[in-house]
Amino acid sequence: MALEILSTSFIYTLLVFTGGFLCGIIRVPIIEPRIGSRYAQLLEMPLMMAVIWRSARLVLTRHKAQSSGSSRYNNQGKGRLIAVGALALLWFLAIEGRLYAWIHQGEDKDWQDWIWDRDPVAGTVFFALLGVFMALPAMLP
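Quick note on numbering that gives the first Met the number 0: the sequence shown kicks off at 0 and runs consecutively.
Structure (structure tokens):
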């Protein structure tokens, strides 16, 4: 059961992180110079919401298929999905924070700067989207 939650949460994280990485490859060199960082990030958010939604549906289908043989799924299914979302958020924060520190290592920045260096508007929407990322596996039918 624990291994199932770990693997499902990690797959969910990787799907969303990959989607964000691909969006960033387009956003930073192409869109940001034209409309600015804040608006480029805000423009990316609906697409990331779609990535999160689709990834959550995919891992939910996978999780239910793995747990269908278990008679305890109905009793513990939501709890497991809450654990998947919470652990996925921890994976995501660890990957993002570490990647930020690695990219900015010559500037003596760490994961805390990753939080505080964000645009106030786009950063607020980003962190709200992380809340959706965490909650969505348990919220979907």
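By construction, the Cβ of each residue, glycine as well, lies at the ideal position given by its N, Cα and C atoms.
Distance between Ala-49 and Val-131 (C-alpha atoms, nearest Å): 11 Å
DSSP three-state assignment for Tyr-72, whether helix, strand or coil: Because Tyr-72 sits at a pLDDT of 48, beneath the cut-off of 50, its placement in the model cannot be relied upon, and the point is left open.
In chain order, each alpha helix (DSSP H) run of at least 4 residues that lies wholly inside the segment 12–67: 31–34 and 36–66
Which listed residue (Met-0, Leu-46, Arg-37 and Asp-118) has its alpha carbon closest to that of Thr-17: Here the closest residue by C-alpha is Leu-46.
Three-state class that DSSP yields for Arg-117 in the structure shown: Reduced to three states, the DSSP call for Arg-117 is coil.
Neighbour-count burial assignment, Met-0, 16 or more Cβ in a 10 Å radius: exposed
Length of the line joining the Cα atoms of Pro-140 and Leu-88: So the alpha carbons of these two residues sit roughly 20 Å apart.
Distance between beta carbons of Leu-41 and Ala-137, contact taken as under 8 Å: Not really, about 27 Å apart at Cβ, beyond 8 Å.
Contact under 9 Å by Cβ, Asp-112 with Tyr-99: It is a contact, given that the beta carbons lie within the stated cut-off.
Same chain only: Cβ atoms within 6 Å of His-62, ignoring 5 sequence neighbours per side: For His-62, same chain residues with a beta-carbon under 6 Å away, outside a window of 5 residues either side, are Thr-7 in chain order.
Rounded straight-line distance, which links the Cα of Tyr-11 to that of Ala-64: Taken atom to atom, the span from the alpha-carbon of Ala-64 to that of Tyr-11 is near 15 Å.
Buried or exposed (CB count within 10 angstroms, at least 16 for buried), Val-27: Here Val-27 is exposed, its C-beta having fewer than 16 other C-beta atoms within 10 Å.
As assigned by DSSP and simplified to three states, the class of Pro-136: Of the three classes helix, strand and coil, the one that applies to Pro-136 here is helix, per DSSP.
Local conformation of Asp-109 per DSSP, three classes: Note: Asp-109 maps to coil in three-state DSSP.
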